[in-house]
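Just add 4 to the spot in the sequence shown (first one is 1) and you have the working numbering. Presented below is the structure to which this report refers.
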Amino acid sequence: MGSAPGEIGVSPPWFLSTETYSPRAFLEARVASTLITRHAKAIGPVAGGFLDEFNISGGPGIPRQLLAMDMREEPDGGFSASLGDVERVAGLSVPLGHWGLATFGHFMLDALLQLYLNREILTEGSARVVHWPLEEPWMEDVLVACGAPSARRRILRKPVAVLQSAALSSALAAHGVYFPGSYSRPFFEWLRLSLVQSPKSERWIYVRRPKGVRRQILNQTELENLLIDRGFYVLDPAQISVADQAGLFSGAETIVSAWGSGLTLAPLLKGQKNVVELLPASVTDPWFFRQAAVHGLRYFPIVHAVVDEDAIVADLDRIGRRLDNLTD
Numbered sequence: 005m006g007s008a009p010g011e012i013g014v015s016p017p018w019f020l021s022t023e024t025y026s027p028r029a030f031l032e033a034r035v036a037s038t039l040i041t042r043h044a045k046a047i048g049p050v051a052g053g054f055l056d057e058f059n060i061s062g063g064p065g066i067p068r069q070l071l072a073m074d075m076r077e078e079p080d081g082g083f084s085a086s087l088g089d090v091e092r093v094a095g096l097s098v099p100l101g102h103w104g105l106a107t108f109g110h111f112m113l114d115a116l117l118q119l120y121l122n123r124e125i126l127t128e129g130s131a132r133v134v135h136w137p138l139e140e141p142w143m144e145d146v147l148v149a150c151g152a153p154s155a156r157r158r159i160l161r162k163p164v165a166v167l168q169s170a171a172l173s174s175a176l177a178a179h180g181v182y183f184p185g186s187y188s189r190p191f192f193e194w195l196r197l198s199l200v201q202s203p204k205s206e207r208w209i210y211v212r213r214p215k216g217v218r219r220q221i222l223n224q225t226e227l228e229n230l231l232i233d234r235g236f237y238v239l240d241p242a243q244i245s246v247a248d249q250a251g252l253f254s255g256a257e258t259i260v261s262a263w264g265s266g267l268t269l270a271p272l273l274k275g276q277k278n279v280v281e282l283l284p285a286s287v288t289d290p291w292f293f294r295q296a297a298v299h300g301l302r303y304f305p306i307v308h309a310v311v312d313e314d315a316i317v318a319d320l321d322r323i324g325r326r327l328d329n330l331t332d
């Protein structure tokens, strides 16, 4: 917001908002005749409106433009779908994720949490995972490794699906990422058993920020040179399987990463290990703060001023000093 001369303005919501850290109850439910849409992953009883708690960011956060991709917006503000656009699914179904499913962090911490919570009914065959075609090839390998081969899934084809019965949880509202709780530690133990074949030997790891996304590190080469000189292994998520990433995290002692999905697997560190996160000052929720607290990690955020597209110039001196303090 604008500021008068002599005043300091901060655009809300600021990332230190206490409301950001408020815990929320984790919900699970079995709901009959449940509607779900392809792009918004909006969920609700047929003709009953969408369920706020089972959508990322809650009801107001469901992007209406995504709803409009699958349904017709009515004059009263509601949405409807033609019967020809509706796929009916018999039996008990486990919806895989919310509209942020394509993001690595949300897929691993929210979608896989849905699998973990429903692993017994999936294994015994009384339920199937339902999802539209996966956005990324690596997702198939992860689902298979985590106990959801194709035989336990149904690929949806139409814009809207009506599930005879649905197993819902707050994982569909992104609680796996944003509100870790008592389920988080056993979930990560399950994830470790599912993905990690053997821990790797790299003690210090830097997670490279992928190209082509927002919040770039403009001096990434200089940052990597600094870290390589200190013995860090540079992990490029685009060049290594998720299973190998999990193996690297599970054997490491210190992780350095920019804010984003890079720290998704950091709870595999387990215990008093170090996480250094490079935070843009524009971040409204440093979500990994809560993950670190739940998993007992030593968390050290370094806040950076932002430039275009929320990019940062890594403060090499501050990062170096922090790493020196970790090893003293």
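For each residue, glycine too, the CB sits at the ideal point set by N, CA and C.
Asked	Found
Buried versus exposed call for N278 [16 or more other C-beta atoms within 10 Å across all chains shown]	buried
Buried/exposed call for L222, threshold 16 Cβ in 10 Å	exposed
For F304, the three-state DSSP class (helix, strand or coil)	strand
Cutoff 7 Å; reference K254; Cβ partners in own chain excluding five residues on either side	Looking at the sequence provided, one finds Ser at residue 254 rather than Lys. For S254, where only same-chain residues beyond five positions count, the Cβ hits under 7 Å are R196, V200, P203, L272.
Three-state secondary structure assigned by DSSP to R218	coil
Nearest residue (CA-CA) to G82, options E91, V307, D89, A72	A72
Simplified DSSP state of E139, which is helix, strand or coil	coil
V279 - containing beta strand (DSSP E), residue span	278-284
Residue nearest to A149 in terms of C-alpha spacing, selected from M112, S173, Y182, R212	M112
Length of the line joining the Cα atoms of I306 and D321	11 Å
Residues that DSSP places opposite W208 in a beta bridge	T258
Cβ neighbour criterion (16 or more within 10 Å) applied to Q249	buried
Identity of the residue in V164, D114, S130, L301 nearest F58 by Cα	D114
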